[in-house]
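Colleague: Numbers 1 to 322, taken from the UniProt record's numbering, label the letters of the sequence shown in order.
Starting off with a structure, shown below.
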Amino acid sequence: MSNMSQSESMSCKIEWVVPANVVSSNACSSINEGINEGILLRTFLRDVIGISKKSLADIKFKGGKILVNQKEVTVRTTIFSGDRVEVYVPPEPKNESLRPECIPLDIHYEDDHLLVINKPQGMPTIPSREHPSRTLANAVMGYYESHHIPFTFHAVNRLDRDTSGLLVVAKHGLAHDQLSKGQRAGKLKRYYLALAEGFVQPREGTIHAPIKRRPSSIIERMVAADGQEAITHYKVINDNQAYSEVEINLETGRTHQIRVHFAHLGHPLLGDDLYGGSIELLARQALHCQRVELIHPFTGKHLHFSAPLPKDLIEVKDKLIK
């Protein structure tokens, strides 16, 4: 392999070995055991790996490159089983509207493609008119700047400002595309812990209720027949007559989904005054993303992460549910 320039050495490399069951037949491609007729590199990257046409264009025209067996090639190259394919993701331009800020991050995992961060309550995920700075995005950009990481902020999932817990950030656009696809396919799962008001019944179930924005508000959401599909799985793990500790798994990821669904059941989250919860004992919604499980989009490894409940939720839980 030829020596790379400084900008290329700062870019991100992804590599695969072409498996033996990937072949092509004239203009068509298929997957057949034991045959090694070759496959177009473009077909391999788009149909087998799942890289979008836009991502391939970005690699080609924005400073990336593709190598097969250490030689730079075009996507029209035919490849064979055992060939080593390397994709260099180009550096991304700075987002001038997203200012880097030096804010400590609780990073639970990092590699060349993604971060898993434990976000504190009170920190928005991205800037808004009301919160233009001190967001997770500002903090990540500050981290990238100090560590010479040439990418911008790509949140795979978001947490509300006053929801704490684990959040996945893709380091580059290609990783974001692959992680987002994985999330839709159930390869990225998020598990939350919540304190709901009242005695939730049944103790285990699925809430299947579409959600849309309330017409009179730019923030509040509501259950409505013409809303977007929203599915929440839950299990009560501890309770009394007044409060329920609930473990929740999201199948979809609508804005305020858990908060809206439990308010719809008549059991708003403790501290969630937007949806009817009491703030007498807690000044933010009692909601924490405690576990994330994902299949890494480039290595195929199963990764598991957990974040303990923050102090404020431990204290109120111990006080309310013995």
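Idealized CB from N, CA, C, for every residue including glycine.
Drop a sphere of 10 angstroms on the beta-carbon of C28, count the other beta-carbons inside from all chains shown, and report buried for 16 or more, exposed for fewer.
Modeller: The pLDDT assigned to C28 is 48, lower than 50, so where the model puts this residue is not dependable; a value taken from the coordinates is nonetheless given after this. When all chains shown are included, C28 counts as exposed.
Colleague: Indicate whether the contact test is met: 3 or more Cβ pairs, each with one atom in the segment 213-224 and one in the segment 186-199, closer than 8 Å.
Modeller: Three or more Cβ pairs closer than 8 Å define a contact, and the segment 213-224 falls short of that threshold against the segment 186-199.
Colleague: Look at the Cβ atom of D106, then the Cβ atom of K171, and state whether they are nearer than 8 Å.
Modeller: no
Colleague: Check this for me: beta carbons of residue 386 and A286, under 8 Å apart or not?
Modeller: The shown model of the chain, from 1 to 322, leaves out residue 386, and the question about it has no answer.
Colleague: Going along the chain, which unbroken runs of the beta strand (DSSP E) with 3 or more residues stay wholly within the segment 200-257?
Modeller: 204-208, 211-213, 221-223, 231-239 and 243-250
Colleague: Could you tell me if A185 is buried or exposed, where buried requires 16 or more neighbouring beta carbons within 10 angstroms of its beta carbon?
Modeller: exposed
Colleague: Report the CB separation of L270 from Y234 in whole angstroms; it is logged as a contact under 8 Å.
Modeller: L270 to Y234, Cβ: 15 Å. No contact.
Colleague: Please report the distance separating the alpha-carbon of V140 from that of E204.
Modeller: Looking at the two C-alpha atoms, the distance is approximately 37 Å.
Colleague: Taking C289 as the reference, give the member of I117, V68 and H264 with the closest Cα.
Modeller: I117
Colleague: If you reduce the DSSP assignment to three classes, tell me which class R76 lands in.
Modeller: coil
Colleague: Does the distance from the C-beta atom of E37 to that of P100 stay below 8 Å?
Modeller: no
Colleague: Identify every residue that forms a DSSP beta bridge with D131.
Modeller: This sequence places His at residue 131; Asp is not what is there. H131 is not bridged to any residue.
Colleague: Which of the three DSSP states, helix, strand or coil, is assigned to L265?
Modeller: Looking at L265 - three-state DSSP - the assignment turns out to be coil, as it is neither helix nor strand.
Colleague: Identify every residue that forms a DSSP beta bridge with C12.
Modeller: V89
Colleague: With distances taken from CA atoms, which of I211, E245, V87 and E315 is nearest T255?
Modeller: I211
Colleague: Can you name the residues that DSSP bridges to K65?
Modeller: Y88
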